[in-house]
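Trainee: I am attaching a structure below and will ask some questions about it afterwards.
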Amino acid sequence: MATIGDSMPGAPASEAPKYLWMDGELVPWGQATIHASRLGWSTMGAVFEGIKAYWSEAEGELYGWQFAEHYRRFADSMRLQRMRPAFTPEQLVAASADLLRANDCREDTYVRPLAWHADATWFGHLEDSRTGIVITTAPFTSVLGSGKVVRACVSSWTRVGDNQLSPRIKCISNYQNSRMALLEATLDGYDQPILLNSAGRVTEGPASCLFIVRDGVAITPSLTSGVLESITRTAVLRFCHDELGVPTQEREVDRTELYIADEIFFCGTGAEITPVAAVDHYRVGTGGVGPLTGRIERLFHDVVRGRHAGYAFWRRPIYTTARARAAL
Ligand SMILES: *Cc1c(COP(=O)(O)O)cnc(C)c1O
-8 MATIGDSMPG APASEAPKYL WMDGELVPWG QATIHASRLG WSTMGAVFEG
42 IKAYWSEAEG ELYGWQFAEH YRRFADSMRL QRMRPAFTPE QLVAASADLL
92 RANDCREDTY VRPLAWHADA TWFGHLEDSR TGIVITTAPF TSVLGSGKVV
142 RACVSSWTRV GDNQLSPRIK CISNYQNSRM ALLEATLDGY DQPILLNSAG
192 RVTEGPASCL FIVRDGVAIT PSLTSGVLES ITRTAVLRFC HDELGVPTQE
242 REVDRTELYI ADEIFFCGTG AEITPVAAVD HYRVGTGGVG PLTGRIERLF
292 HDVVRGRHAG YAFWRRPIYT TARARAAL
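According to the working numbering, the stretch in the sequence shown is residues -8 to 319, in order.
Right under this line is the structure:
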């Protein structure tokens, strides 16, 4: 029989983490329950983050990746939903590090915060509603360096716009748009959809941003094209500029540019750097990992695992900091 402990998506009960973090406390996984009557409207406005921590076997260290940036965006998402969290981004960063240590995470690990109007059942009474926050951890397998490529299509679904369901909010409800596009794409035999906005310009994938490479320039749709303000996108732009000497452009991208691009890749916390082999059966480059995509992927991989000494401000060592503090 299924128990509450079985309920971690994708993992049997034996692999469920020991704790999750809920409203300021580490709570044993199986005891973190919510009443069934809360299901439904209460999560209509829920916002979330997907954050990763990368394990370094060489150093025996887990590196939280861009925690501060993610919790700043989480705060923006909560603000846009008129939530009033009881915790600052800094407190949530510290809570995430505590949770990773409490669960003794020593492998690549997802950190997933979720915030919702805990007492609201419909539109009203937001001013009285507590903002509930839960953070969970789960292992993941990195695609970095795996050579994995995906086949994409242009979706028949239009990406939501800023004046409808703003893509700037990392909101559960926006994922209905992503979900319809992803379901259609996979039923049609593709791996990932690429969504266009109402003007017919390229936006992003269902849960990741997108770069195309043309004549040595890395091009990504502008932040006003209808995309989530991806933290990975910002990191890639910075890597191109600071490390790789690759010119970048943030601008509107036409659909047909996808069909003549030299390289295309998705980027995001979940997607990491995922090369695209074809769009609507137009092969991209040679259909493998493009040369610039490969360079970006290797650099990204080295930086997140601490093999590249730079960008230390984006890595939060989970165990060393605690050991150093304990030694004081
Ligand atoms: C989370 C997300 C991304 C990627 O953002 P990162 O900050 O790079 O993880 C891109 N698009 C959508 C729709 C997302 O939800």
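All C-beta atoms in this analysis are idealised placements derived from N, C-alpha and C, irrespective of residue type, glycine included. Since the structure is predicted, the reported quantities are computational estimates derived from the model, not experimental observations.
Within the present structure, is the beta-carbon of SER374 separated from the nearest heavy atom of ligand 1 by less than 6 Å?
Mentor: Here the chain has residues from -8 to 319 only, and residue 374 is not among them.
Trainee: Does the distance from the C-beta atom of GLU98 to that of PRO130 stay below 7 Å?
Mentor: Yes, the pair counts as a contact, with Cβ atoms nearer than the cut-off.
Trainee: Would GLU241 pass as a contact of SER213 if the rule is Cβ separation under 7 Å?
Mentor: Contact flag set, yes.
Trainee: Closer than 7 Å by C-beta to GLU60: which residues in its own chain qualify, once you throw out the five before and the five after it? Chain order, please.
Mentor: Cβ-Cβ distances below 7 Å link GLU60 to ILE222 in the same chain, with the five nearest sequence neighbours on each side left out; the list follows chain order.
Trainee: Which residues in the same chain as TYR310 place their Cβ atom closer than 8 Å to its Cβ, once the five residues preceding and following it in sequence are excluded?
Mentor: Hits under 8 Å: GLY51, GLU52, LEU53 and ARG92.
Trainee: Taking 6 Å as the line, does the beta carbon of SER157 fall inside it for any heavy atom of ligand 1?
Mentor: no
Trainee: Can you grab the Cα-Cα spacing for the pair LEU30 / GLU40, in whole Å?
Mentor: The alpha-carbon atoms of LEU30 and GLU40 are separated by roughly 20 Å.
Trainee: For a test of the three-state rule: what should DSSP assign to ASP293, helix, strand or coil?
Mentor: Correct three-state label for ASP293: helix.
Trainee: Taking 8 Å as the limit between beta carbons, can you name the residues of its chain near ARG246, skipping five residues before and five after?
Mentor: VAL145, LEU187, GLY191, ARG192 and VAL193
Trainee: For GLY123, write down the residues that DSSP places opposite it in a beta bridge.
Mentor: TRP107
Trainee: Quick check on DSSP: helix, strand or coil for VAL84?
Mentor: Note: VAL84 maps to helix in three-state DSSP.
Trainee: So, for HIS232: in the same chain, excluding its five sequence neighbours on each side, which residues have a beta-carbon less than 7 Å away from its beta-carbon?
Mentor: THR239
Trainee: Let's test the definition: count the other Cβ atoms within 10 Å of the Cβ of ARG274 and tell me whether it reaches 16, buried, or not, exposed.
Mentor: When all chains shown are included, ARG274 counts as exposed.
Trainee: With H, G and I counted as helix, E and B as strand and the rest as coil, what does DSSP make of ARG246?
Mentor: helix
Trainee: Is the stretch 286 to 299 close to the stretch 156 to 171, with three or more CB pairs under 8 Å?
Mentor: no
Trainee: Which of helix, strand or coil does DSSP assign to GLY55?
Mentor: strand
Trainee: Taking only the alpha-carbon atoms, compute the straight-line gap between TYR101 and GLN82 and give it to the nearest angstrom.
Mentor: 18 Å
Trainee: Helix, strand or coil: which one does DSSP assign to LYS9?
Mentor: coil
Trainee: What residue range is occupied by the uninterrupted beta strand (DSSP E) comprising PRO183?
Mentor: At residue 183 the sequence reads Gln, which differs from the Pro that was named. Residues 183 to 187.
Trainee: Classify CYS282 as helix, strand or coil using the three-state DSSP reduction.
Mentor: This sequence places Pro at residue 282; Cys is not what is there. Of the three classes helix, strand and coil, the one that applies to PRO282 here is helix, per DSSP.
Trainee: Assuming SER33 and CYS162 are in contact, meaning their beta carbons sit under 8 Å apart, how far apart are those beta carbons, in whole angstroms?
Mentor: SER33 to CYS162, Cβ: 14 Å. No contact.
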